[in-house]
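*Asks:* There's a structure below that I have some questions on.
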Amino acid sequence: MEHITAKHKEYWSKNMRLTSILLFIWFVATFVMGYYAKELATINFFGWPLSFYMAAQGSLIIYVVIIWYYARAMGKLDEEYGVAESED
Amino acid sequence: MATEKQAFFNKLKKAYTWYTGGFLAFVVFLAIAEKMGMPRVWIGYIFLFATIGLYAGIGIMSRTSDADEYYVAGRKVPAIFNGMATGADWMSAASFIGMAGTLYLTGFGGLAFILGWTGGYCLVALFLAPYLRKFGEFTIPDFLGARYGGNIPRFIGIIAAVLCSFTYVVAQIYGVGLITTRLIPGVSFEVGIFLGLGGILVCSFLGGMKAVTWTQVAQYIILIVAYMIPVVWLSVKHTGVPIPQLVYGSTLEKVTALEKKLTVDPKELEVRKIFADRAAAAEAKIKALPGSLESEKAVVQKKLDDLKAANAPVAEVNAAQKAVDTFPKTEAAARAAWNKDAAVKARSGPPIKHAEVFPGKDQKASDINRKNFLALVFCLMVGTAALPHILMRYYTTPSVKEARESVFWSLFFIFLLYFTAPALAVLAKFDVYSTLVGSSYAKLPQWVADWSRVDASLLSVIDFNKDGIVQLAEIAIGGDIIVLATPEIGGLPYVISGLVAAGGLAAALSTADGLLLTIANALSHDLYYKMIDPNATTTRRVTISKILLLVVAIAAAAVAAQKPADILFLVSAAFSLAAAGFFPALVLGVFWKRANKWGATLGMAAGLFTTFYYMVLTQPWLRTIFGTKGTIAENMWWDINPISAGIFGVPVGFIVIVVVSYLTPAPDGKIQELIEHVRYPSLKGDTYRSSEAAHGMGH
Chain C
1 MEHITAKHKE YWSKNMRLTS ILLFIWFVAT FVMGYYAKEL ATINFFGWPL SFYMAAQGSL
61 IIYVVIIWYY ARAMGKLDEE YGVAESED
Chain W
1001 MATEKQAFFN KLKKAYTWYT GGFLAFVVFL AIAEKMGMPR VWIGYIFLFA TIGLYAGIGI
1061 MSRTSDADEY YVAGRKVPAI FNGMATGADW MSAASFIGMA GTLYLTGFGG LAFILGWTGG
1121 YCLVALFLAP YLRKFGEFTI PDFLGARYGG NIPRFIGIIA AVLCSFTYVV AQIYGVGLIT
1181 TRLIPGVSFE VGIFLGLGGI LVCSFLGGMK AVTWTQVAQY IILIVAYMIP VVWLSVKHTG
1241 VPIPQLVYGS TLEKVTALEK KLTVDPKELE VRKIFADRAA AAEAKIKALP GSLESEKAVV
1301 QKKLDDLKAA NAPVAEVNAA QKAVDTFPKT EAAARAAWNK DAAVKARSGP PIKHAEVFPG
1361 KDQKASDINR KNFLALVFCL MVGTAALPHI LMRYYTTPSV KEARESVFWS LFFIFLLYFT
1421 APALAVLAKF DVYSTLVGSS YAKLPQWVAD WSRVDASLLS VIDFNKDGIV QLAEIAIGGD
1481 IIVLATPEIG GLPYVISGLV AAGGLAAALS TADGLLLTIA NALSHDLYYK MIDPNATTTR
1541 RVTISKILLL VVAIAAAAVA AQKPADILFL VSAAFSLAAA GFFPALVLGV FWKRANKWGA
1601 TLGMAAGLFT TFYYMVLTQP WLRTIFGTKG TIAENMWWDI NPISAGIFGV PVGFIVIVVV
1661 SYLTPAPDGK IQELIEHVRY PSLKGDTYRS SEAAHGMGH
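Residue numbers (our numbering), protein chains in the order written: chain C, 1 to 88; chain W, 1001 to 1699.
Quick look at the structure:
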């Protein structure tokens, strides 16, 4: 495929790196937090046990931020590498 | 063209702002009318017909028979509105009505649903939505068909899509029936179902995805307003702060303190002992079968004779007569009836501790709990990222960029409800524990009587120890009423109860709309057009889709009218099945060029089969259907519950796709081009043409 240039490959590998980092954060906020929930429950966070707070609110906020950041960063990456869609 | 897009966005913003204002004014108007003495039944009728009429109006205004509009709303839904529509599409009757109730009943364990049903959107955003939008056709089986080549992967996709969506839609229609009977007392469950069905059909039938999208935006606004008002009210009542999500930590501390007190309260212990004794007596009778059948029969007969001889009051004699008449005739019937009696054992334990993480009598039980919590979160997340009716929504945005933003808006709007549900559960629990418990039977609040009358399985409060005071152990509450009864528990005017029911109706109808469309499209577009008659005209395809929609809707209503007992299990099963069936093939299709037709076909089949097989081994209802041998405990793998069967199916799906793909030839050049095509939002010299462009229906 001739139309895939080195620049395109770089775009894709940057996308993969960003995806992996965000996926790692998602994993920690979900499964690492869940695995150690019993230990985290001993910490009091404004009245909530910390693990209860995370599962009911904290991790959810992290998810929203992950997706917000991904949309923003990829929008910029598209422009930078000239693969953004033209406004039609 | 950019200005045209901007103008369309402004028009939508204006329309929905007016709509929201109008809706609030309507609620205020009804509240005033209630104060002036309008009967409650009227309020119920007005809410039901006004909202369904509204949805129908939007449906009629959006009617279309253009394929692009019918299947993907013309691909011009701005990110934020697609976010709202996805929110309504996603939040079903189960989320709206059931979620807070589940949290009320299970405490920390229920948070697996909160985590799973939100965190899944990270997977949608990172792995699927932008790439599916770039692919830009109509359905999910479309992608499988194009990416893996040939009809077999497409066909498995159709089967998986129809299976998951159908079980799910039955649950929605069931929810519609439940709410309509609540809104209008006296209407039967079946009539309720068909009334709701009318509301679903006018919308999706006339305008397909276009009508469904704009109705779902309207439905989102109603459901979020309806969910927030009672919680804010309860929060002000108990904490003085109108933002419940920020402050219910302190309420949770109070609930924990009350739980401690109620666990050792002597009156509570007395009631729990009554249940323990009853259960023990029933177990003894079961153990003594078949001999106890005769001896027990003699006991009830003797009681009747004694009462008659002693000239006891008529009510008592009648009750004893009934006990004789309904006494089980066969050993099997007796076993079933007494097993039911023995089940009160569940009520003999202390109240669950709401904030306790992974409860268990020892370390091992607690670890099993943790394992199942994490497995459930995993299945719900991966399942979320694989449900076709959600993924399909990202085909409707104008661009890849907006598809990414749209996932953010989707989760944001879903988050608003999901981070409120745990607050509602804690506040409602505090209200019940602090005001209902310890009150006198002579002065029970009206809502207790009202809801007990609707269905004793939803709420029953009976004075078992005859002390005239309500003990916590005497309250049996069903999860489904927490949200619907909150306005009454909090002492709000009836109009708010009507509003909440209308919100639940909006949640159920919007999800049902999306699901029906998914099924009808899979059958008309993928099965009929792509596999049976590729020369069918656009009009013909849309007409067939509409007819199928009608047929599927009626079939789903007919199933829902039977009130299938295991509907809740079926819904959760849909997540595990979707996860194992779709997720590996979709993700590898974008990220691994080597994945090929045979890998995907066998991988999807193996994932589905593994998941289903584990359910047959361990789920009570499926076990009886398939006559599974061995006890549940023997059949379990690593103590995982059947609801999380996807934890086995998903890895099996991935492994089979990888292994089989390596054993068979790599996909050809056209498919390599398709993969590059979906990876870059815009690609110069891109030679891949989707069938949409080939048919001249592109934009």
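For each residue, glycine too, the CB sits at the ideal point set by N, CA and C.
How long is the line joining the alpha carbons of H1695 (chain W) and K1134 (chain W), rounded to whole angstroms?
*Replies:* Its pLDDT being 41, under 50, H1695 (chain W) is placed unreliably in this model, and the value from its coordinates should be taken loosely. Each residue's alpha carbon lies about 17 Å from the other.
*Asks:* Could you pull the DSSP bridge partners for V1461 (chain W) from this structure?
*Replies:* V1461 (chain W) is bridged to W:I1475.
*Asks:* Of all Cβ atoms in chain W, is any one closer than 9 Å to the Cβ of S13 (chain C)?
*Replies:* For S13 (chain C), the answer is no, since every Cβ of chain W falls outside 9 Å of its Cβ.
*Asks:* Can you give me the C-alpha to C-alpha distance between D1325 (chain W) and N1339 (chain W), rounded to a whole angstrom?
*Replies:* Roughly 19 Å between the two C-alpha positions.
*Asks:* Can you pull the chain C residues whose beta carbon is under 8 Å from the beta carbon of C1122 (chain W), in chain order?
*Replies:* Within 8 Å Cβ-Cβ: L22, L23, W26, Y63, I66, I67.
*Asks:* Closer than 8 Å by beta-carbon distance: list the chain W residues that pair up with V32 (chain C), in chain order.
*Replies:* Correct list: empty, because the minimum Cβ distance to chain W is about 10 Å.
*Asks:* For the 8 Å Cβ check, are there 3 or more pairs between the stretch 51-68 of chain C and the stretch 18-31 of chain C?
*Replies:* With a cut-off of 8 Å, the stretch 18-31 of chain C and the stretch 51-68 of chain C count as touching, because enough Cβ pairs lie within range.
*Asks:* Name the residue from W:W1621, W:T1539, W:K1429 whose alpha carbon lies nearest to the alpha carbon of I1477 (chain W).
*Replies:* Taking only the C-alpha atoms, the option nearest I1477 (chain W) is W:K1429.
*Asks:* Is A73 (chain C) closer than 9 Å to L23 (chain C) when the C-beta atoms are compared?
*Replies:* In this structure, A73 (chain C) does not lie closer than 9 Å to L23 (chain C) by Cβ.
*Asks:* In this structure, how does DSSP classify I1469 (chain W) when only helix, strand and coil are distinguished?
*Replies:* I1469 (chain W) falls in the strand class under three-state DSSP.
*Asks:* Taking the C-alpha atoms as reference points, what is the distance between E1692 (chain W) and G1136 (chain W)?
*Replies:* Here the model assigns E1692 (chain W) a pLDDT of 45, short of 50, so the residue's position is not dependable and the matter cannot be decided.
*Asks:* G1698 (chain W) to V1400 (chain W), Cα distance in whole Å?
*Replies:* Reliability of the predicted coordinates at G1698 (chain W) is poor, the pLDDT of 36 falling under 50, and the value obtained from them is presented with this limitation in mind. Those two C-alpha atoms are separated by around 15 Å.
*Asks:* Y1148 (chain W) and N1535 (chain W) - do their beta-carbons sit closer together than 9 Å?
*Replies:* Contact flag unset, no.
*Asks:* At the level of alpha carbons, what is the spacing between A37 (chain C) and A1502 (chain W)?
*Replies:* Cα to Cα, the separation comes out at about 37 Å.
*Asks:* Go ahead and pull the three-state DSSP assignment for F89 (chain C).
*Replies:* Nothing about residue 89 (chain C) can be read from this structure; chain C reaches only from 1 to 88.
*Asks:* Using a Cβ cut-off of 7 Å, pull out every chain D residue sitting near I4 (chain C), in sequence order please.
*Replies:* Chain labels in this structure do not include chain D; the protein chains are C and W.
*Asks:* Using a beta-carbon distance below 9 Å, is E10 (chain C) in contact with chain W?
*Replies:* No, because no Cβ of chain W sits closer than 9 Å to the Cβ of E10 (chain C).
*Asks:* To the nearest angstrom, report how far apart V1448 (chain W) and T1486 (chain W) are at their CA atoms.
*Replies:* When rounded, the distance between both Cα atoms is 12 Å.
*Asks:* Could you have a look at S1545 (chain W) and say whether DSSP puts it in helix, strand or coil?
*Replies:* Looking at S1545 (chain W) - three-state DSSP - the assignment turns out to be helix.
*Asks:* Which whole-angstrom value is the C-beta distance of Y1394 (chain W) and A1585 (chain W), which I expect to be below 8 Å?
*Replies:* Incorrect: roughly 17 Å between the Cβ atoms, too far for contact.
*Asks:* List the residues of chain W that I50 (chain C) touches, going by C-beta distances under 7 Å, in chain order.
*Replies:* Here residue 50 (chain C) is Leu; the residue named in the question, Ile, does not match the sequence. In chain order: nothing, as chain W lies at least about 10 Å away.
*Asks:* Within 10 angstroms of its Cβ, does R1040 (chain W) collect 16 or more other Cβ (buried), or is it exposed?
*Replies:* With fewer than 16 Cβ atoms within 10 Å of its Cβ, R1040 (chain W) is classed as exposed.
*Asks:* List the residues of chain C that S1250 (chain W) touches, going by C-beta distances under 7 Å, in chain order.
*Replies:* Residues of chain C passing the Cβ test: G47.
*Asks:* Are there 16 or more other CB atoms within 10 angstroms of the CB of Q1172 (chain W), so buried, or fewer, so exposed?
*Replies:* So Q1172 (chain W) ends up on the buried side.
*Asks:* Are at least three pairs of beta-carbons, each pair with one atom in the stretch 1112-1128 of chain W and one in the stretch 1418-1427 of chain W, less than 8 Å apart?
*Replies:* As far as the Cβ criterion goes, the stretch 1112-1128 of chain W touches the stretch 1418-1427 of chain W, which means the pair count is three or higher.
*Asks:* For the stretch 1314-1347 of chain W, which residues have a CB atom closer than 9 Å to at least one CB atom of chain C, in sequence order?
*Replies:* Residues: none.
*Asks:* In whole angstroms, give me the CA-to-CA distance for A1355 (chain W) and V1470 (chain W).
*Replies:* The straight-line gap from Cα to Cα measures roughly 24 Å.
*Asks:* Just tell me which of W:T1118, W:D1068, W:V1212, W:G1074 has its CA closest to the CA of V1057 (chain W).
*Replies:* It is Gly, not Val, that sits at residue 1057 (chain W) in the sequence shown. With distances taken between Cα atoms, G1057 (chain W) lies closest to W:V1212.
*Asks:* Does L1459 (chain W) pass the burial test, meaning 16 or more other C-beta atoms within 10 Å, or should it be called exposed?
*Replies:* So L1459 (chain W) ends up on the buried side.
*Asks:* Compare the C-beta of E85 (chain C) with all C-beta atoms of chain W and state if any pair is closer than 9 Å.
*Replies:* Interface residue, yes.
*Asks:* I'd like the list of long-range same chain contacts for V1027 (chain W), defined as Cβ closer than 7 Å, with 5 residues on each side in sequence excluded.
*Replies:* Here the set comprises V1495, L1499.
*Asks:* For the stretch 1569-1586 of chain W against the stretch 1139-1158 of chain W, are there 3 or more C-beta pairs whose distance is under 8 Å?
*Replies:* The stretch 1569-1586 of chain W is in contact with the stretch 1139-1158 of chain W.
*Asks:* So, with DSSP's three-state summary, where would you put S1440 (chain W)?
*Replies:* S1440 (chain W): strand per DSSP, three-state reduction.
*Asks:* Would you tell me roughly how many angstroms separate the C-alpha atoms of A1146 (chain W) and R1679 (chain W), rounded to the nearest one?
*Replies:* Near 15 Å, if we compare the C-alpha coordinates of R1679 (chain W) and A1146 (chain W).
*Asks:* If you follow the alpha helix (DSSP H) that L1509 (chain W) is in, where does it begin and where does it stop?
*Replies:* Note, L1509 (chain W): alpha helix (DSSP H), 1494-1521.
*Asks:* With 16 other CB atoms within 10 Å as the buried threshold, where does L1663 (chain W) fall?
*Replies:* Result: exposed.
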